[in-house]
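Participant: Next up is a structure, given as structure tokens.
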Amino acid sequence: MSEKFLPQELIRKKRDGLSLSHSEIGFLVKGISDESLTDAQLGAFAMAVFHCGMSMEERVSLTQHMMHSGETLKWHDLDLDGPVV
């Protein structure tokens, strides 16, 4: 992901009730995971989402980016009988 956004512009956009693109959401998730977003920016984004909500497309995008933002655990060697939750 090579696109660069200003966090405050994405926060403003969400605060104003506009939808964020897949790449904009990816930028925010990356900023959360690599700690390049400040606590204040993360709080402002959370407040904007709380007040304005997210579309289904935004929620799917957020989930996809979060799913790929960290380490994936491997359970194959544990020989478990079912899914691990």
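The sequence shown: position 39 = 554 (my numbering), numbered continuously.
Here a beta-carbon is modelled for each residue, glycine too, at the ideal position from N, C-alpha and C.
Report buried or exposed for Val600, applying the criterion of at least 16 other Cβ atoms within 10 angstroms of its Cβ.
Facilitator: Exposed, because fewer than 16 other Cβ atoms sit within 10 Å of the Cβ of Val600.
Participant: For His591 and Arg530, what's the separation of their Cα atoms in angstroms?
Facilitator: Answer to the nearest angstrom: the Cα atoms are 43 Å apart.
Participant: Going by CA-CA distance only, name the one from Cys567, Glu586, Glu524 and Met582 that's closest to Val544.
Facilitator: When only C-alpha atoms are compared, the closest one is Met582.
Participant: Let me know the alpha helix (DSSP H) ranges lying completely inside the region 526-559, each 4 residues or longer, listed in chain order.
Facilitator: Listed in chain order, the complete alpha helix (DSSP H) runs (minimum 4 residues) inside the region 526-559 are 537-548.
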